[in-house]
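Chains R and Z are the protein sequences, given in the same order.
Heads up: the first sequence begins at 1176 in our numbering, then just goes up one per residue.
Heads up: the second sequence begins at 57 in our numbering, then just goes up one per residue.
Don't be surprised by glycine CBs; every beta carbon is placed ideally from N, CA and C.
Only one structure is covered here, and it is reproduced in the block below.
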Amino acid sequence: MDPLDFLRAHAPFDRLDAAALRRVAATLEIAFAPAGAHVLQRGAAPARFLYVIRKGVVRLERDGEVVQVLEEGDTFGFPSLVGRTSPLVDAVVVEDALLYQVPEAEFRALVESPGFAEFFVVSLSERLHRHASLQPVPFGRALWGSLEGMPLAPVRWIAPGETVQAAARLMREAGASAIFVEGSPPGIVTDSDLRVRVLAEGRGPSTPVGEIATRPVATVPSGSTLLEALTFMLERRVHHAALESAGRLVGLITDADLLRLQVQTPLYLLRTVERLAVPGDLPTYGQDLAAMVGSLTWSGLDAWQVGPIVARVNDALVARLIAFVQSTLGPAPVPFAWIVFGSEGRREQTLLADQDHALTFSAGGEGVDAYFARLAREVVALLLEAGFPPCPGGYMATSWRMPVDDLAARFRAWILKPDPQGLVDALNLFDFRPVAGDLDVGPLDDIIAAAAREPRFLAHFARASLGLEPPLGAFRHIKEDHGGVDLKRGGLVPVAGLARLLALEAGARDRPTLARLEAAAAAGTLSHEGAATLAQAFRFLMRLRLTDQLRHLRAGRPLSTLTPLDALTSLDRAYLKDVFVAIREVQQATALRYAIDRLA
Amino acid sequence: MRLTAWRDWFGPSTSWEQAVFWALDLETTGLDPTRDHIISAAMVPVRGGTIRVGERWHTYVCPPKGVQSSLDALRVHHIMPRESAGAPSLADVVHGVDRRLREGVLLVHFATLDVAFLREACRRTGQRWIRPPVVDTAALAWRLHQRATWPREPAAEPDLGLADVRAACGLPPHRAHDALADAVATAELFLVLRSRLDLRSLRQLV
Chain R
1176 MDPLDFLRAH APFDRLDAAA LRRVAATLEI AFAPAGAHVL QRGAAPARFL YVIRKGVVRL
1236 ERDGEVVQVL EEGDTFGFPS LVGRTSPLVD AVVVEDALLY QVPEAEFRAL VESPGFAEFF
1296 VVSLSERLHR HASLQPVPFG RALWGSLEGM PLAPVRWIAP GETVQAAARL MREAGASAIF
1356 VEGSPPGIVT DSDLRVRVLA EGRGPSTPVG EIATRPVATV PSGSTLLEAL TFMLERRVHH
1416 AALESAGRLV GLITDADLLR LQVQTPLYLL RTVERLAVPG DLPTYGQDLA AMVGSLTWSG
1476 LDAWQVGPIV ARVNDALVAR LIAFVQSTLG PAPVPFAWIV FGSEGRREQT LLADQDHALT
1536 FSAGGEGVDA YFARLAREVV ALLLEAGFPP CPGGYMATSW RMPVDDLAAR FRAWILKPDP
1596 QGLVDALNLF DFRPVAGDLD VGPLDDIIAA AAREPRFLAH FARASLGLEP PLGAFRHIKE
1656 DHGGVDLKRG GLVPVAGLAR LLALEAGARD RPTLARLEAA AAAGTLSHEG AATLAQAFRF
1716 LMRLRLTDQL RHLRAGRPLS TLTPLDALTS LDRAYLKDVF VAIREVQQAT ALRYAIDRLA
Chain Z
57 MRLTAWRDWF GPSTSWEQAV FWALDLETTG LDPTRDHIIS AAMVPVRGGT IRVGERWHTY
117 VCPPKGVQSS LDALRVHHIM PRESAGAPSL ADVVHGVDRR LREGVLLVHF ATLDVAFLRE
177 ACRRTGQRWI RPPVVDTAAL AWRLHQRATW PREPAAEPDL GLADVRAACG LPPHRAHDAL
237 ADAVATAELF LVLRSRLDLR SLRQLV
């Protein structure tokens, strides 16, 4: 019959089997809503139906602003329906609409089929995909890239009455080749001015800096491309270009910066790490890494693409540190593996993060334990020196250090007798990745892969994986906590958790979240649309977080786990909310599918 | 008893949403109620302002011996004799229609013809025709047409066929000459016409 034929031809009803479609037909209602009608009202009672537009046009509006225009075959009302919350948007009929209505109770029965529930986040994935700032930028955009966001040294200022010696000292401290001189208009003094206008002229170190400054300063707008700045410097035959924004000098780009961009390549850093003087060079490791990440990001790599590079460099560091310790401790008595987990295990680390590692070896024994205890202690100390804070949860080789059979026994115990602490350990260690040593840890992987056949474990693991939720309020606004949003705990960890769970269920052995999502989609534990949405959400959150962290670093502020909402553009804020809502919906769909509330 | 109900239904305060409308469509062997036969019937209710697809009812009718659709009729409704053989008898079908109409208003496109067939079916099976209140979507469409051309008289007769009126109202095409699809199509058209004419009480509709 007609209504069913129509539904059968439209997603997500096309994913339902004949029996489920018959159930839909048994409760389906058809309503007419004339142009101008408000089918849903923001802040009013929750939706009682899932609406499918059979004919007509419905607009979703937020504060009178059009969020989405829906047409024949489109559905709406889902978020309010599943969350039993007030609608997030007004649904206003633009052209007379014939609406198919699936009542709430029937809808709840339908979401138990995975494809059906996950369908509802598709449109967000598509919207995110179209979001211009999320388009990948080809690597090597360098010359065409805007100077804004380029990793530059902070600008120093000096009063015109100060001496050139004071100016030279400030420049030395800042590692800068030029300094701005206060005044109206402001001036600039460069390395070559000190040479040409002071030393060569026979002036003394007490010469007031104002006397030799160049005024006014030649500037390029801060939004210029690197190519424009380069052209400017070539034309003027200068080594510096001051960046100007809204009449103020905001930065300085030098030809040395251009060189530095070339130098901070991963390969350069990798070579540096391999030649690292231990422990003397360790304290600047974090800065070097941050500089590399900054320049990679600026030159067009997305945050999620930076992760594997950082992992490679960090792995090299661990290998270097272990080799260093072994140079005094001697070779290991038995084969061993240094394994990392958490985000480092998934290769999703961008800047220095907490240490997360364990040490396992082929067999125990008295001398063996003592050797690895010392190895762990000394490597952890060196990592601390390189700027990696200790793991607050204690997941470090100093305590997680055991023969591989013991570790395997623990893995099996977590799977066969899931208890709260075991599940927390599993969440961490199941992302493990060996980075140094020659022990084969493949058997550990086999144990994890076998967990896919343990429904009881999967249900418990699902509950543990869904433990952190996006910070959304009752009316789906983003909740700030202590003046910001924790993008990691509120977004990245929930997505990583879903990916780990669904890939595990699929029997996949991938570690990176994006690869896990693909594996889950390929195996059918997650729909392709759900996977695409989570992947977009993950990339978006990675980028947002890294951008914010780099902003902190450039300003010389300590890193914070919280990102204040007003530090984001309004577009990013809007997308962040959509991303949080999408994550929560997949979490809810997943919870329904695993029947988590039925767990004891 | 019945009169009281009638008055309740058509008092000024009875809003249309409180009423139940049973949309009906019949497929017949031809257009003459005295000679032709009902071969299929379908009904679907409008309750609380929405069409309840789950309560749809569709049946073929077992024709009296020797009765066959004309070739023309067959061409229209595609119901083959073997489909209606073994179907409920006309008496059973009339009973099913009657049982539903006791609950509310008969909703039909071009009521005259279908009502004539139903009365005749009652006569043939010895049942009493309950004379339910009738809402005719073709008549509503005509009212809308007059209103649109007012104050001038409509220049030409509009096409008042179900498919034509639906198209004029912007409704999607439906599978015509299938009793159930036509009944749903009629119910949908009713919702649109009622809204366009802004008829809020039952009295205004009948």
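Taken residue by residue, none of the segment 93-104 of chain Z has a beta-carbon sitting less than 7 Å from a beta-carbon on chain R. In the displayed model, Glu1246(R) falls within coil according to three-state DSSP, outside both helix and strand. Around the beta carbon of Thr1736(R), a 10 Å sphere encloses fewer than 16 other beta carbons of the protein chains shown; the residue is thus reported as exposed. Scanning its chain for C-beta atoms nearer than 8 Å, with the 5 sequence neighbours on each side dropped, one finds around Phe1207(R) the residues Asp1271, Ala1272, Leu1273, Leu1274, in chain order. Taking a Cβ-Cβ cut-off of 7 Å, Lys1592(R) has no neighbours in chain Z, whose nearest Cβ is about 47 Å from it. Among the CB atoms of chain R, none fall inside 9 Å of the CB of Gly182(Z). When Phe1511(R), Arg1549(R), Phe1586(R) are compared, the shortest CA-CA separation from Ala1538(R) is found for Phe1511(R). The beta carbon of Pro189(Z) is closer than 6 Å to those of Val161, Val262 in its chain, skipping five residues each way along the sequence. Distance from the CA atom of Arg1638(R) to the CA atom of Ala1625(R), rounded to whole angstroms, is 19 Å. The Cβ atoms of Arg1495(R) and Glu1560(R) lie no closer than 9 Å to each other. DSSP places Tyr1226(R) within a strand segment (E or B) once states are collapsed to three. For Gly226(Z), the nearest beta carbon of chain R is closer than 9 Å to its own beta carbon. In terms of Cβ geometry, Ala194(Z) and Leu174(Z) do not form a close pair [threshold 9 Å].
Here DSSP, grouped into helix, strand and coil, assigns Ile186(Z) to coil. In summary, the residues of the segment 1200-1220 of chain R whose CB is separated from some CB of chain Z by less than 7 Å are Ala1200, Ala1201, Thr1202, Leu1203, Glu1204, Ile1205, Ala1206, Phe1207, Pro1209, in the order they occur in the chain. Ranked by Cα distance from Val191(Z), the first of Arg179(Z), Leu80(Z), Leu87(Z) is Leu80(Z). Residue contact check for Gly1231(R) against chain Z: a CB pair falls below 9 Å. Secondary structure note for Ala79(Z): its beta strand (DSSP E) is the uninterrupted segment 77-84. The beta-bridge partner set that DSSP reports for His1213(R) consists of Val1267(R). For Gly1426(R), DSSP records a beta bridge to Leu1418(R).
With the rule of 3 Cβ pairs closer than 8 Å, the segment 1722-1734 of chain R does not count as touching the segment 1209-1220 of chain R. Residue pairing from DSSP places Phe1251(R) in a beta bridge opposite Tyr1226(R). The C-beta separation of Val1481(R) from Val1468(R) comes to about 6 Å, placing the pair in contact by the 8 Å criterion. According to the DSSP assignment, Arg112(Z) belongs to no beta strand (DSSP E), since it is labelled neither H nor E.
As a beta-bridge residue in DSSP terms, Gln1276(R) pairs with Glu1204(R), Tyr1226(R). A direct Cα-Cα distance of roughly 8 Å separates Tyr1226(R) from Phe1253(R). Assigned with DSSP and collapsed to three states, Glu1236(R) falls in strand.
The distance from the Cβ of Leu1504(R) to that of Ile1484(R) is about 30 Å, inconsistent with a contact at the 8 Å cut-off. When DSSP states are grouped into helix, strand and coil, Phe1547(R) belongs to the helix group. Following the DSSP letters along the chain, one finds His1635(R) inside the alpha helix (DSSP H) bounded by residues 1630-1640.
For Thr1738(R), the secondary structure class from DSSP, reduced to helix, strand or coil, is strand.
Around the Cβ of Arg1768(R), a 10 Å sphere holds 16 or more other Cβ atoms; the residue is buried.
For chain R, the residues of the segment 232-244 of chain Z that bring a beta carbon within less than 9 Å of one of its beta carbons are Asp234, Leu236, Ala237, Val240, Ala241, Ala243, Glu244, in chain order.
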